[in-house]
Amino acid sequence: MSDNSLGFTPNEMMTIAASRALRNDDVCFVGIGAPSAACNVARLTHAPDITLIYESGTIGTAPDVLPLSIGDGELCETAITTVAVPEMFRYWLQGGRISIGFLGAAQLDKFGNINTTVIGDYFHPKTRLPGGGGAPEIATSSKEIYITMAQTKRGMVEKIDFFTSFGHGEGGDHRKRLGIDTAGPTLLITDLAIWKPDPVSKEFTVVSLHPGVTRQQVQDTCGWVVKFAEALDETPAPSELELKTLRDLQARTKAAHEGTGKAKAA
Amino acid sequence: MVKFLPLKQAVSENLNSGDTVAFEGFTHLIPTAAAHEAIRQGFRDLTLIRMTPDLIYDQMIGMGMAKKIIFSYVGNPGVGLLRRARDAIENGFPRSLEIEEHSHAGMANAYEAGAAGLPCAVFRGYRGAGLAAVNPNIKSVTCPFTGEVLAAVPSIRPDVTFIHAQKADRKGNVLIEGIIGIQKEAVLAARRAVVTVEEVVDNFDDLHPNLTVLPRWTIAAISVVPGGSHPSYAHGYYARDNAAYLEWDEIAADRDKFQAWMQANVIEKSAGDFEARVEHLRKAA
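Each protein sequence line maps, in turn, to chains A and B.
Okay, so the first sequence: first residue is 8 according to the working numbering, each after it adds one.
Okay, so the second sequence: first residue is 795 according to the working numbering, each after it adds one.
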C-alpha cells in the first residue's frame, strides 16, 4: 500500500526522487528550475559534499536559497571559486570534469532527446523558446545525463520539433556513431515515475512508479506508447527529513525573491 | 588611450548605425545604462551579439534598432521568454530580424578566439545538435593529429563592446569581480570597448594580484554610472532586482504597453536616473 501520510505532492515526489539519484562525490552541472531544486535537496540531505556547478562559472556553490537565474549573486558568494564562462565550457565541461549534467526539458522524446528551441519550424516558429544555452554541450560532454520534468502529453512527445540537445538520437548506438563517447541520458525522473533507458534500444522504460501512481496515469500523460519494466518498483515515499528540507528551501527562496519586490513598493 | 566621458558622449563617439556591437554581461553586471543611452540616440541596423540577450536586447529589438542578432540563449533568465524578440522572430514586428544561433560553448569559444586574434574557434561541440543544420556558420574541422572531427565557428570581433564593471582607478584601469562571464574576452575581441563603472577609486594598489583587471589601454571610454546595471546587479554594490525581471514579462507582452514603458523609463530618462533605482537593493547586496 502507498503511504502518503505526509501529504506530499507529485512535484515534491519528483524533486526528492531526483535528489536521491545524486551521490556525494558527484560533480553536477545544474540546469535551472526543477534540476536546481533536486540538486540542492541532495546537498542538504544525503550528499553534503556534492559539487554543484552552474554555467555562470560558479564551482562548488552552496546557495541558501534557490537562484532565480543561473547567475544569481548567491551562487558566486557561496562557491569555492568562480571562473569565466569560456573556462567553464572549455576546461570543466569539455575537459571531462562533470559526472552528471542535470537538465530540464520543454519537449522530450523517448530516447532522451530534448527541445528547448522552437515549437514548429525553426525558420517559421509557432513559438520561439529561449534555446539551448549550455545544453547542447552539457548533453554530450557530461559523463551521464539526468533529466527531470513533469509529465504532459505536450511535453513528452513521439517526435520533438528540434534537437536542441542530443540524447540517444534514434536509439541504439546512435551516440557512438556520431563520435559521442559519453553515456547520455541514463535517468528520467518525472512527477509520476522513474525511467531508465533500455540497455539495447535506449528507449526510456518505466522502472519505478511513485506511490499511488498507476500505469494508466503514466500513459495518459505521455505522448508515446510507454514501456514498463517487468519488475516494476514503487518509489519510496519522501521521508519527513526530505520533505522538510525541500519545503524549507522553497519557503526561504520565496521569501528572498519576494523581498526585492516589497522593498521596491515601499 | 582611455577617456573618462559622460555616458552620452561615450556612446555617441563609439557606436554607429550599422555596427556589430556586443553589450555583454552574464546575468551579472549587464550594461543596461549604456544600452538605454544607445536607445535614446536611436541607432539603426545594428548586429547585436550577446550570449544571453535579455531585457536590454528585448528593448533594442522592440525599438526596431536591430537587423540581426547573434546569441545562444534568448530568454528572460529565471522567468521565461523574451516577448519583443519573439514578436520580431515570429511576426517580423517591428521589423524582420535575422538570427544566428549558437550554444553557450560556441559563443564562449568564439569570443575567446576573437580575443586571441584567431579567425575561428575549434572545440568539441554541436554533436547531434539541430543548430549545426540551421546555422551555416557552424562547420567542422578534422584534427590533423588525431583525426577527431571538431566543431568550428568564426571568431567574434565586434566593432564595439559595452560592459559594466565595479570600479575604475583614476588612470582608467577597470576591475571586474564576481560572476565575470565573458566580459574580458568581449572587450579584448572588440575594436573599441566602452565601460560603465559603479565608481572611481584612487588606485588598485591593495588588490589581490590575480583579479580580473582590464588595463586602461584596452578601453576607449569609461563612464561613471552608479546603478548602471539595474535591474541586473553589481556584486558588492547592489542585489538583482528579481521583481523587475518578473514585471518585464508583462510589459513586453503587449506592443503598446512596451512603447509606453520605453517612453517613460528610457526615452525621457538619463544615465543619472539609475542610482535611485538601486537604492533599495543596496542593503541586500
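Cβ atoms here follow ideal geometry from the backbone N, Cα and C, with glycine treated the same way.
- At the C-beta level, F1052 (chain B) and G1022 (chain B) stay beyond 7 Å of one another.
- When Cβ pairs closer than 8 Å are counted between the two stretches, the region 13 to 29 of chain A is seen not to touch the region 844 to 860 of chain B, the count staying below three.
- In this structure, the beta-carbon distance from G127 (chain A) to K133 (chain A) falls below 7 Å.
- For V928 (chain B), the residues of chain A that pass the 8 Å Cβ criterion are Y129 and F130, in the order they occur in the chain.
- Chain-ordered listing is empty here: chain A has no CB closer than 7 Å to the CB of T955 (chain B), the nearest sitting near 15 Å.
- A direct Cα-to-Cα measurement between E81 (chain A) and G972 (chain B) gives close to 10 Å.
- Ranked by Cα distance from A899 (chain B), the first of B:I932, B:Y1031 and B:D1043 is B:I932.
- In this structure, E151 (chain A) sits near I107 (chain A), with a CB-CB distance shorter than 7 Å.
- Residues of chain A whose Cβ lies closer than 8 Å to the Cβ of Y1027 (chain B) are, in chain order, G80.
- Nearest Cα to R1049 (chain B) within the set B:R834, B:P888 and B:E1041: B:P888.
- In the three-state reduction of the DSSP assignment, H898 (chain B) falls in the helix class, which pools H, G and I.
- Taking a beta-carbon distance threshold of 7 Å, Q101 (chain A) counts as an interface residue toward chain B.
- With fewer than 16 other CB atoms across the displayed protein chains lying within 10 angstroms of its CB, K261 (chain A) is exposed.
- Where W1011 (chain B) is concerned, there is no enclosing beta strand (DSSP E), because DSSP gives it neither an H nor an E.
- Of the other Cβ atoms in all chains shown, fewer than 16 fall within 10 Å of the Cβ of N997 (chain B); this residue is therefore exposed.
- Taking 7 Å as the CB threshold, S897 (chain B) lines the interface with chain A.
- The shortest CA-to-CA distance from P206 (chain A) to any of A:E84, A:L194 and A:D255 is the one to A:L194.
- Within the same chain, and ignoring the five residues on either side of D33 (chain A) in sequence, the residues whose Cβ sits closer than 6 Å to its Cβ are I57, S106 and I107.
- Per DSSP, the continuous beta strand (DSSP E) segment holding Q960 (chain B) begins and ends at V954 to D963.
- Put simply, of A:E62, A:G111 and A:T85 the residue whose alpha carbon is nearest the alpha carbon of V92 (chain A) is A:E62.
- Within the region 892 to 925 of chain B, E895, S897, H898, A899, A902, N903, Y905, E906, F917, R918, G919, Y920, R921, G922, A923, G924 and L925 place their CB atoms closer than 7 Å to a CB of chain A, listed in sequence order.
- Think of a sphere of 7 Å around the beta carbon of E992 (chain B): no beta carbon from chain A falls inside it, the nearest being about 14 Å out.
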